[in-house]
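Per the working numbering, residue 1 is the first one in the sequence shown, and the count goes up by one each step. Single-structure report; data block below.
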Amino acid sequence: MEHNIVTQPNSHRFAGSLPYTILMPLAGAVAITLASQVRIDLPGTPVPITGQTFAVLVWGLLFGGRQGFLAAATYLCAGAMGAPVFAGFTSLPALWGPTAGYLLGFLPGAWLAGTVAGSRSASFLRLTAAGLIGHIPILLIGALVMQTFTGWQFTLTMGVVPFLLGDIIKSMAAAAVVVGVRKANRGA
């Protein structure tokens, strides 16, 4: 049995419908929640490596900036209401600690990635660049919040630099997933 995954709202007859409007952000929040449980704690830093940014990027790149933003907002709202959706099955406390800025950065990060990626025919290179651009507000807002707890030197050496290579890899992997899904849709 073959299934098409709708990758752009305008290509689907239910786009803009109430069920679509509600279910897409919920599905994105679930994807981010599942990815957040892929977690590697690094010694000396409160910031773990997680699958969250990968899921945030995939959702934004695949479904567009608006849907990426809405999925991230739904995810953050669920955590703010006490649902254990963040890394390590945490909730509200994660929004008040040194890693809160990274979570808040998902909003502009998903929007930017999806907006920069643009059309459904975006190349792997363009999708990768869009993913890298999407990481900028995540790291920037994350660092701005973290430095209030730890100072700039610690923040840069333990909250930014260790994640740069991983962010490049996640951007490339997200682009590869999106290209693969789009190719599968064309072939179905």
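Every residue gets a Cβ at the ideal spot worked out from N, C-alpha and C, and that includes glycine.
Item, Value
"F63 burial status per 10 Å Cβ neighbour count (16 or more: buried)", "buried"
"Opening and closing residue of the alpha helix (DSSP H) in which Q52 lies", "Q52 to F63"
"Cβ-based neighbour list, I141, same chain, cut-off 8 Å, excluding 5 preceding and 5 following", "G101, Y102, L104, G105 and P108"
"Of the residues V58, A72, I49 and A94, the one placed nearest V145, counting alpha carbons only", "A94"
"Spatial distance of L114 from P43 (CA atoms)", "In the sequence under discussion, the amino acid at residue 114 is Gly, which differs from the Leu named in the question. So the two alpha carbons sit approximately 33 Å from each other."
"Run of the alpha helix (DSSP H) containing L107, from where it starts to where it stops", "F106 to A117"
"Buried versus exposed call for T148 [16 or more other C-beta atoms within 10 Å across all chains shown]", "exposed"
"N- and C-terminal bounds of the alpha helix (DSSP H) containing V179", "L164 to G187"
"Which listed residue (Y75, R186 and W152) has its alpha carbon closest to that of I22", "Y75"
"8 Å CB neighbourhood of K170 in its chain, flanking five on each side removed", "T53, F54, L57, G131 and H135"
"Span of the alpha helix (DSSP H), counted from its first residue to its last, around M158", "Neither: M158 is in no alpha helix (DSSP H) and is coded neither H nor E."
"C-alpha gap between L26 and F154, whole angstroms", "36 Å"
"Minimum Cβ-Cβ distance from L18 to chain B less than 8 Å", "Absent from the structure: chain B. Only one protein chain is present."
"Cutoff 8 Å; reference I168; Cβ partners in own chain excluding five residues on either side", "L132"
"For T45, the three-state DSSP class (helix, strand or coil)", "coil"
"Per DSSP, the bridge partner or partners of T90", "F86"
"First and last residue of the uninterrupted alpha helix (DSSP H) at L26", "L18 to S36"
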